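Working notes for the structure below.
Numbering (our numbering), first residue to last: 2 to 268.
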């Protein structure tokens, strides 16, 4: 199991996305059962505050947000917590014990010697706390688009990713659900571009797992980030083909790794 700490900027990409890549990356984290997601309690409140801010600002636009829509966002956030997809991390004394270490570091890495704010400090403290509790086989990561938070956390030894700037194929393999429970198979697929309907061609599936497939590169190359419609069939018979949609996340040695939006049955 690996641990990921999301700050306010990262979690908002799930509810009010401003960047397509960041939204997709956060969705990948949510769907990976080998990862536990954490958010400090203070960020939970900050996210709700941003919902209120967005509601207020929208009243001056041609498409104002309704109170019902705002409440819907808050309820979705609470449901994620209730379902165990997102874990609010308690603000315990052990986190504040790291305050001076984090503040001192924040002074050393910026030209203006700007101290990090309290919410960002708690994000980093949560990362340090989880890192100290994890085994050697586990990793802790922070996801944030805040440059100052990113730099301070990195200087303190926490691995960080900016969801706006990194793609799934650039991250450690533990983030790719396609890496788990891979089974060799004898299946074929016809691949089409979800956006244009263009046909990439037929291909052979090399192996599968619950949320992914590895295929041979078809006649028309599939590129990382392409959203693809697959018709999957045993032995090349398309009468009872199983249709799935996925996004290409890895490509090497004439093979393409695809992350599926819905799971495959491994039976």
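Glycine residues also receive a C-beta, built at the ideal position from the N, C-alpha and C atoms.
Since this is a predicted model, take the numbers as computed values, not measurements.
Nearest-angstrom Cβ-Cβ length linking residue i and residue j, presumed shorter than 8 Å
i: residue 135; j: residue 161; result: Going by Cβ atoms, the distance from residue 135 to residue 161 rounds to 16 Å, so no, they are not a contact pair.
i: residue 39; j: residue 157; result: Going by Cβ atoms, the distance from residue 39 to residue 157 rounds to 17 Å, so no, they are not a contact pair.
i: residue 10; j: residue 170; result: 22 Å between Cβ atoms; not a contact.
i: residue 227; j: residue 194; result: 7 Å
i: residue 191; j: residue 252; result: Going by Cβ atoms, the distance from residue 191 to residue 252 rounds to 19 Å, so no, they are not a contact pair.
i: residue 234; j: residue 189; result: 6 Å
8 Å Cβ cutoff met for residue i and residue j
i: residue 229; j: residue 217; result: no
i: residue 212; j: residue 260; result: yes
i: residue 150; j: residue 110; result: no
i: residue 174; j: residue 2; result: no
i: residue 128; j: residue 48; result: no
i: residue 74; j: residue 164; result: no
i: residue 29; j: residue 176; result: yes
i: residue 223; j: residue 249; result: yes
i: residue 210; j: residue 258; result: no
i: residue 16; j: residue 77; result: yes
i: residue 37; j: residue 105; result: no
i: residue 219; j: residue 204; result: yes
Range of the contiguous beta strand (DSSP E) that encloses residue i
i: residue 153; result: Not the beta strand (DSSP E): residue 153 falls in the alpha helix (DSSP H), residues 148-156.
i: residue 162; result: 160-162
i: residue 38; result: 36-41
i: residue 7; result: 3-7
Boundaries (first-last residue) of the alpha helix (DSSP H) holding residue i
i: residue 194; result: Looking at the DSSP string, residue 194 is not in any alpha helix (DSSP H); the run it does join, the beta strand (DSSP E), is 184-194.
i: residue 144; result: Segment 141-144 is the beta strand (DSSP E) holding residue 144; no alpha helix (DSSP H) there.
i: residue 29; result: 21-32
Residue i beta carbon near the ligand FMN (any heavy atom closer than 7 Å)
i: residue 67; result: For the structure depicted, the ligand FMN is absent and the ligand set is empty, with no information on it obtainable.
Cβ pair count under 8 Å reaching 3, the stretch 39-59 against the stretch 19-26:
no
Ignoring anything shorter than 3 residues, give me the beta strand (DSSP E) runs that lie fully in the stretch 50-90, in order along the chain.
88-90
Can you confirm whether the stretch 117-130 touches the stretch 41-48 when touching is taken to mean that 3 or more C-beta pairs between the two stretches lie within less than 8 Å?
Under the 8 Å Cβ criterion, the stretch 41-48 counts as touching the stretch 117-130, having at least three qualifying pairs.
Which runs of the beta strand (DSSP E) fall wholly inside the stretch 207-255 and span at least 3 residues, in chain order?
213-217, 228-235 and 243-253
List, from N- to C-terminal side, the beta strand (DSSP E) runs of 3 residues or more that fit wholly inside the stretch 93-128.
none
Three or more C-beta pairs under 8 Å: does that hold for the stretch 2-16 against the stretch 57-71?
no
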